[in-house]
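Residue numbers (our numbering): 13 to 404. One structure is given here, and the rest of the page talks about it.
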Ligand SMILES: Cc1cc2nc3c(=O)[nH]c(=O)nc-3n(C[C@H](O)[C@H](O)[C@H](O)COP(=O)(O)OP(=O)(O)OC[C@H]3O[C@@H](n4cnc5c(N)ncnc54)[C@H](O)[C@@H]3O)c2cc1C
């Protein structure tokens, strides 16, 4: 299914978000990075202006906008304030999306209005110390004891874990291995036996840290089970993975916005900076860098918008998502790095945002599927088969 897109309306929307982001978020974009502080004030602004509920269906208080509109929103936020865009991505394409698709009516009514209002912050806990790319190696486990669901395990790299009110946790139901038995539950922060680690320091996206999360005999009420895993089959895992395409497209959209900002800075600076008695943009070596940046941005934009509009059953195609994220992740590293390069030493200092852009771009190619794993996904689609990654 291809979405009929009204590009004129989308451009009006882009203009509205750009104006809002520049007014509200530009002045403190470096502050969140330097201080490793969560941009909570910006989260509240987004809630007040109704942007946090953009992806939530209208019947639960949101706007239920098409995916392409969400991509443009994240693109424009990332162009101005990367850490605020990360918050936008979690709200738009994180657990609330999965709950809207996979959750029960009661879960949607209970959780989604709080997402729209910004009262809830839903993090996502999939990764574990021994299960990163190999998600199906996860060992967080739910056992049914005396009719109660008891969760034990440990998670790592939960983005926003230090501020989350809830986490959407992948866990294995019963005794089984591989993709079998994997399901997902909602864990509330104040449930007995739940502990979140402190925020971890990292290279980029420093305003929105990751944390560990530990579960020690946590009793999960049945109404918090979103997808119940069956120890005898892989259906739960398949259902969960099917709802993760939008996260990849959103990640790619943020790469686009961040790289667009770097490109704009490079374009302006190369016309101002003079060496050898003329603006450096008059050197062909510089012009070609700008041409390469513009070309890569254009290619990424086409791939991302294509993935966000050519939907199947309401979701982007896995191959299109993987290609868009892969290309955008690597493009963002090249473009931000070249933009720093044309600024010379000035770009390397903290007086300008270029060095932050290079650091922020780096994490995209780790979270939400590494380029190596994305290439595996694409290759599997090309060959029409998956290759066993596990040593037999
Ligand atoms: C900024 C950021 C935010 C994150 N947020 C979250 C979050 O909110 N929730 C969450 O659950 N997780 C989160 N993660 C974790 C992320 O999903 C993992 O980092 C990712 O899945 C990779 O796992 P790993 O880091 O353990 O690397 P590993 O899986 O140990 O991989 C190490 C290297 O080996 C490569 N590799 C592994 N297997 C293969 C293979 N089969 N073929 C080729 N190469 C391979 C990888 O690509 C990588 O380069 C986040 C990560 C980052 C960087």
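Ideal Cβ positions, reconstructed from N, Cα and C, are used throughout, including at glycine.
Which residues bound the beta strand (DSSP E) around residue i?
i, result
"residue 238", "237-239"
"residue 282", "It is not in any beta strand (DSSP E) - residue 282 instead sits in the alpha helix (DSSP H) that spans 257-284."
Which two residues bound the contiguous alpha helix (DSSP H) that contains residue i?
i, result
"residue 96", "94-105"
"residue 376", "366-376"
"residue 25", "19-37"
"residue 129", "117-129"
"residue 253", "247-254"
Per DSSP, what kind of secondary structure is residue i in: helix, strand or coil?
i, result
"residue 394", "helix"
"residue 333", "helix"
"residue 195", "strand"
"residue 222", "strand"
"residue 13", "Its pLDDT being 44, under 50, residue 13 is placed unreliably by the model, and the measurement read from it follows with that caveat. Coil."
"residue 295", "coil"
"residue 200", "strand"
"residue 151", "coil"
"residue 75", "coil"
"residue 46", "helix"
"residue 383", "helix"
"residue 146", "coil"
"residue 55", "helix"
"residue 403", "coil"
"residue 362", "coil"
With DSSP as the reference, please indicate the residues paired to residue i in a beta bridge.
i, result
"residue 161", "156 and 232"
"residue 136", "180"
"residue 407", "The question about residue 407 has no answer here: the residues shown for the chain are numbered 13 through 404."
"residue 171", "222"
"residue 323", "328"
"residue 185", "154"
"residue 287", "290"
"residue 306", "Answer is none; residue 306 lacks a bridge partner."
Beta carbon of residue i, beta carbon of residue j: below 7 Å?
i, j, result
"residue 267", "residue 334", "no"
"residue 264", "residue 336", "yes"
"residue 226", "residue 176", "no"
"residue 179", "residue 147", "no"
"residue 320", "residue 79", "yes"
"residue 260", "residue 380", "yes"
"residue 185", "residue 154", "yes"
"residue 358", "residue 364", "yes"
"residue 67", "residue 104", "yes"
"residue 238", "residue 95", "no"
"residue 351", "residue 274", "yes"
"residue 257", "residue 210", "no"
(message) Quick test of the definition: if touching needs 3 or more C-beta pairs under 8 Å, does the stretch 128-140 touch the stretch 161-176?
(response) Yes, since at least three Cβ pairs between the stretch 128-140 and the stretch 161-176 fall closer than 8 Å, the two stretches touch.
(request) State whether the stretch 89-102 contacts the stretch 53-67, with contact taken as three or more CB pairs (one from each stretch) at a distance under 8 Å. (result) They touch, by the three-pair rule.
(request) Inspect the CB distances between the stretch 122-129 and the stretch 150-161 and report whether three or more fall short of 8 Å. (result) No, they do not touch.
(message) Three or more C-beta pairs under 8 Å: does that hold for the stretch 304-321 against the stretch 339-359?
(response) Pairwise C-beta distances place the stretch 304-321 in contact with the stretch 339-359, as three or more of them are shorter than 8 Å.
(message) Taking contact to mean 3 or more Cβ pairs, one atom from each stretch, closer than 8 Å, check whether the stretch 35-47 and the stretch 353-370 are in contact.
(response) Pairwise C-beta distances place the stretch 35-47 in contact with the stretch 353-370, as three or more of them are shorter than 8 Å.
(message) Can you confirm whether the stretch 85-96 touches the stretch 22-32 when touching is taken to mean that 3 or more C-beta pairs between the two stretches lie within less than 8 Å?
(response) Pairwise C-beta distances place the stretch 22-32 in contact with the stretch 85-96, as three or more of them are shorter than 8 Å.
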